[in-house]
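Number of protein chains: 2
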Amino acid sequence: MLTERQLLILRAIIDDYIQTAQPVGSRTLSKRDDLSFSSATIRNDMADLEDMGLIEKPHTSAGRIPSEVGYRYYVDHLVEKRIIDERETFRLEERLKESAKESELLIRQAADLLSDLTNYTTVALGPNSQMEKLARVDFMPIDERRGVVLIVTDQGHVEHRTVVFESRVAPDIIEETIRLLNDRLVGTPLGQLKIRIGEEVAKLQLAQRQQYDNMMQLIQSTVGIQTPSSLYLGGKKNIFNQPEFQTIDTLRPFLEWIDEQERLTHWLESLPNREIYVSIGSENGIVALQNCSVITSDYTLDGKTFGTIAMIGPTRMNYRHGVQMMGQIIEALRRTKLEE
Amino acid sequence: MLTERQLLILRAIIDDYIQTAQPVGSRTLSKRDDLSFSSATIRNDMADLEDMGLIEKPHTSAGRIPSEVGYRYYVDHLVEKRIIDERETFRLEERLKESAKESELLIRQAADLLSDLTNYTTVALGPNSQMEKLARVDFMPIDERRGVVLIVTDQGHVEHRTVVFESRVAPDIIEETIRLLNDRLVGTPLGQLKIRIGEEVAKLQLAQRQQYDNMMQLIQSTVGIQTPSSLYLGGKKNIFNQPEFQTIDTLRPFLEWIDEQERLTHWLESLPNREIYVSIGSENGIVALQNCSVITSDYTLDGKTFGTIAMIGPTRMNYRHGVQMMGQIIEALRRTKLEE
DNA sequence: TACTAGCACTCATAATTAACGAGTGCTAAT
DNA sequence: ATTAGCACTCGTTAATTATGAGTGCTAGTA
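Residue numbers (the numbering used here), protein chains in the order written: chain L, 1 to 340; chain W, 1 to 340.
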């Protein structure tokens, strides 16, 4: 159990260290207005805090820095989540509205806003389109041997793909195939189209059909349509300003990791569904991020669950500000409606 | 005028420096098999080369390093362009074929191959779709108030966009508008759609029409379709292995510059149209790339002019290998046909 | 004349040492 | 329970010294 004063000291150490990135000494602390004790008294308490594992010293004659356990305590006990500053939220809403025409834009804007607000790097992931259901398939001929397949999802997303046939295709064959696809696949989540069509085709014994090759080509093209995951990175260059990332050895793993879109997407998707979650230092289990903390949150848009947004900074990040800004932005997003 | 031996020495210095990134001394050179002169003799020639501005010394007691003028001489006189190794080119063709289904993929693959081959960073730009001409506009309804506009270009590119109308739209109004767009805009380069439609709409005096708002909405959506420039970056992390980019001060400008897609695209587009062009050090005029050299080339695909590809490395780059690999890849691309 | 051996000189780099000072832990006094 | 005082630690910085790779120049040789 921490005494009142120890709590004050812990808090002061972390606040100070967050700002300066330098170990904090007892004398520095005793000069603060909110700590009217002598440096010796503070030293005693610091020794206790160190015994409890909340702070540590880089070496004998340096001040103390918070340990991961210390940050954890700080975040759990001393950071208030969900304090909404109405004026600020309103301002964010206004900025978001400018981009409310397309969800892509909105995601970018949210990520950019959050990184501007905090000076950390942000990653935002849009809705997982693999879960959206097929609402409609259509086809539009370009010339005798080419055309465009279109798919529309229940969320109103559209994707297309050009198909090139081996030979000339009769319009009625195309029409029939499209009808078939609509009959059999509407309502199927995009992620399962390929599996689903296997079953259906097997049932139908299409092999006997005229123009089997062309039909199959059309079908394969349709189920092979890629829905790009809408991932957006904001404020990547902020990392260059962090004192703990001033050497190649620390910078390189971070940059290489963040540039790997695929992995980043999987990571975001694998995060537990929560409102605002803080992962401190090595807690995240990613080697490249062992000196980083991450604040993540799922967000909703116009009430509907939409995606995930994350903020990545050094372990010595400003948790209070970060958590608050994250709260603001997801609240602003919640209140924003897509224009459609 | 350079003597035979001075040429040999210049070449040896550059070859050596390219490999080691260390200033080259006279004794080191005299130990080479192809330079059977005493170090003193070499020193004399080095002094001459320095007077001519081809090499320089970082400080009195170091060896020599090539100057930008020296590299220029080397590239212009000692690097053979267009030496095609048929077997290697064939191998590249094979690898490219795997991705010949879509031009996007092909561009990625070409950039990746080139960066794997050279260990430098590559940037590839696809065709400038602003120059492609509109071949066709079409519309597909989703529900009463929404639908998808499609445009097809003369190169077979397809783009789409969702349109949301203010109110219910009669199918014949849509049909008419689409017909109008096709009549008036087919053949117009995508980059000029907006200007063009202004003129046409003015002529037509649509204002009197029923459902004017919805028609305009459809028209605006169509001409507002963005054609994403297909830019692809390969081997970005190669830069981390270059000894001249081991400090934040050199690394940061490079990474910040390369991450700015927009600027990168403009830069590539602004390059002079040539087959293989080498820009050495500060020649490129870009501050962030003042210590980089760039090998650029336009490339053709299946005979048609297609885009630009660039290779970026430190000024101390392996020009011979770089130029040769660039030659191979554009030759391989020239021989590749898109599957359509 | 063209080349080479030899030598004094230069200067970045690495290693060593010394001075500094921020910070600590402990003890004794209040 | 708190604080003043003091000896001690140890990372950082500056100053000093060696080291050696490389140079330019001169004088000698083929």
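From the three backbone atoms N, C-alpha and C, an ideal C-beta is built for every residue, glycine too.
Here the structure is a predicted model, which is why all the values come from computation and not from measurement.
First and last residue of the uninterrupted alpha helix (DSSP H) at residue i
i              : result
F240 (chain W) : That residue, F240 (chain W), is in no alpha helix (DSSP H); it is neither H nor E in DSSP.
P253 (chain L) : 248-258
H77 (chain W)  : 68-78
V201 (chain W) : 193-204
V223 (chain L) : 212-223
A110 (chain L) : 103-118
V123 (chain W) : From DSSP, V123 (chain W) is part of no alpha helix (DSSP H) but of the beta strand (DSSP E) over 121-125.
V323 (chain L) : 319-335
M46 (chain L)  : 39-51
D15 (chain L)  : 4-20
S26 (chain W)  : 26-30
K97 (chain W)  : 86-97
The beta strand (DSSP E) enclosing residue i, as first and last residue numbers
i              : result
N295 (chain W) : Correcting the residue identity first, residue 295 (chain W) is Ile in this sequence and not Asn. Looking at the DSSP string, the run of the beta strand (DSSP E) that includes I295 (chain W) is 292-301.
D138 (chain L) : 134-141
L231 (chain L) : 231-234
P314 (chain W) : 304-314
S279 (chain L) : 277-279
V158 (chain L) : 158-164
I151 (chain L) : 146-153
Contact set for residue i: own chain, Cβ-Cβ below 7 Å, skip 5 residues either direction
i              : result
T222 (chain L) : V137, V149, I151, L181
G25 (chain W)  : G63
L190 (chain W) : S129, Q130, E132, L134, T153, T227
I178 (chain L) : V137, D138, F139
Reference residue i, options the options, closest by Cα
i              : options                        : result
L96 (chain L)  : L:R320, L:G313, L:D302, L:G70  : L:D302
G234 (chain L) : L:G25, L:L8, L:V123            : L:V123
A21 (chain W)  : W:G307, W:M326, W:P243         : W:P243
L218 (chain W) : W:M311, W:S230, W:H160, W:T188 : W:H160
D324 (chain W) : W:L35, W:F90, W:T118           : For the record, residue 324 (chain W) in the displayed sequence is Gln; it is not Asp. That would be W:T118, whose Cα lies nearest to the Cα of Q324 (chain W).
R334 (chain L) : L:L2, L:A110, L:S30, L:R146    : L:A110
Y319 (chain L) : L:I107, L:T247, L:Y277, L:R252 : L:Y277
K81 (chain W)  : W:I330, W:T336, W:E269, W:L338 : W:I330
K203 (chain L) : L:R184, L:P189, L:L193         : L:R184
I18 (chain L)  : L:A47, L:G187, L:Y74           : L:Y74
G285 (chain L) : L:R274, L:V79, L:W267          : L:W267
Neighbourhood of residue i by C-beta distance below 6 Å, restricted to the same chain and skipping five residues each side
i              : result
Y71 (chain L)  : I280
R257 (chain L) : Per the sequence presented here, residue 257 (chain L) reads as Trp, with Arg not at that position. Hits under 6 Å: A288.
S282 (chain L) : Q290
Q211 (chain W) : I173
Cα-Cα separation between residue i and residue j, rounded to whole angstroms
i              : j              : result
E98 (chain L)  : V158 (chain W) : 27 Å
S67 (chain W)  : R87 (chain W)  : 35 Å
D154 (chain L) : H77 (chain L)  : 43 Å
S167 (chain L) : M216 (chain L) : 13 Å
P272 (chain L) : D112 (chain W) : 35 Å
D34 (chain W)  : Q290 (chain L) : 51 Å
V163 (chain W) : I225 (chain W) : 11 Å
D298 (chain W) : L231 (chain L) : 31 Å
L125 (chain W) : Q246 (chain W) : 28 Å
G198 (chain L) : E175 (chain L) : 20 Å
D213 (chain W) : P141 (chain L) : 29 Å
E144 (chain W) : V169 (chain W) : 7 Å
A2 (chain L)   : T296 (chain L) : Checking the sequence, you will find Leu at residue 2 (chain L) rather than Ala. Cα to Cα, L2 (chain L) sits roughly 29 Å from T296 (chain L).
D48 (chain W)  : M317 (chain W) : 24 Å
L54 (chain W)  : R11 (chain W)  : 11 Å
R146 (chain L) : F165 (chain L) : 6 Å
Residue-chain proximity (residue i, chain W), Cβ-Cβ < 9 Å
i              : result
L301 (chain L) : no
I248 (chain L) : yes
L264 (chain L) : no
L181 (chain L) : no
Contact with chain L by residue i, beta-carbon distance below 9 Å
i              : result
L255 (chain W) : yes
I142 (chain W) : yes
L150 (chain W) : yes
F37 (chain W)  : no
F90 (chain W)  : no
V186 (chain W) : no
G53 (chain W)  : no
K356 (chain W) : Outside the shown range of chain W, which is 1 to 340, sits residue 356 (chain W), and nothing can be said about it.
A135 (chain W) : yes
R146 (chain W) : yes
Same chain, Cβ closer than 8 Å to residue i, neighbours up to 5 away in sequence not counted
i              : result
T121 (chain L) : S115, L233, G234, G235, K236, N238, I239, I258, M311, I312, G313
Cβ-heavy atom distance, residue i to the ligand NAP, below 8 Å
i              : result
P189 (chain L) : Within the structure as shown, the ligand NAP is missing, as the structure has no ligands at all.
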